[in-house]
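Below is one structure; the comments refer to it alone.
Numbering (our numbering), first residue to last: 80 to 292.
Here it is, written out as structure tokens:
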């Protein structure tokens, strides 16, 4: 394994690509719905288009709000973010019926980087159950000494490829692409916030644990 060499410009570009990937689908659906409204006078089709636009607009807004906390400089005026705000934006990712979501945590202020790490681990958990299922988030402890446990359960659950290497900032080639950047970034945030990350799998359930060190 080689240490990944990534300058700040490439890191920013890859993270922007990751955010755009999440937002482009609902935005594209909004555009399609607007085109139907312009070109089709059929009442049922117009109702379908309006429903599509409303649903996709909610998804796009939810994903942007999530990205603002998980990747952006939200809350930069202070050093902490309310876990209640983190729960709210996380729930916004699960507006459809593909994944059921639960969250259990104290209502506390946590250091910004630890909240970013928690939200990034939720995103990784989603990729662990490509066919849907359930995700349960549990936060214990306080801002100084805490533990995150994310359980992702579903058919064909699997630990994302090369997760441990990417979390450690390593890969076979010493590079990282848009598919791996999110896990690599989570590793960076974990080190910055003095947290570790461990994956395990049992049957159809993947567990991601992170604790302060």
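Quick reminder that beta carbons are idealized off the backbone N, C-alpha and C, glycines included.
CB of residue 198 within 8 Å of CB of residue 145, strictly: yes
Taking residue 278 as the reference, which of 164, 200, 212 and 222 has the closest Cα? 200
Below 7 Å CB to CB, which residues in the same chain sit around residue 264 once its five sequence neighbours on both sides are set aside? 94 and 199
Per DSSP, what kind of secondary structure is residue 111 in: helix, strand or coil? helix
What number of angstroms, rounded off, separates the C-alpha of residue 83 from the C-alpha of residue 260? 11 Å
Tell me the DSSP secondary structure of residue 269 in three-state form. helix
For the region 188-248, which segments carrying the alpha helix (DSSP H) assignment without a break, of at least 4 residues, lie completely within its bounds, in sequence order? 191-207 and 242-246
Own chain, CB closer than 6 Å to residue 142, minus 5 neighbours either side, in chain order: 101 and 102
Counting Cβ pairs closer than 8 Å, one from the region 205-218 and one from the region 268-275, do we hit at least three? no
Contacting residues, own chain, Cβ-Cβ under 8 Å from residue 205 (five flanking each side not counted): 172, 178, 214 and 231
Reference residue 266, options 223, 140 and 243, closest by Cα: 243
Could you compute how far the alpha carbon of residue 90 sits from the alpha carbon of residue 209? 25 Å
When 112, 181, 170 and 160 are compared against residue 196, the one with the closest alpha-carbon: 160
Kindly indicate which residue of 99, 110 and 124 has the alpha-carbon position closest to the one of residue 136. 110
Does the beta-carbon distance from residue 207 to residue 237 come in below 8 Å? yes
Just list the residues that DSSP pairs residue 277 with in beta bridges. 288
For the ligand NAP, is there a heavy atom less than 7 Å away from the beta-carbon of residue 135? Absent from the structure shown: the ligand NAP. Ligands present: none.
What separation, rounded to the nearest whole angstrom, lies between the Cα atoms of residue 285 and residue 175? 21 Å
Using the rule of at least 16 other Cβ atoms within 10 Å of the residue's Cβ for burial, across every protein chain shown, is residue 96 buried or exposed? exposed
Helix, strand or coil, according to DSSP, for residue 81 in the structure here? strand
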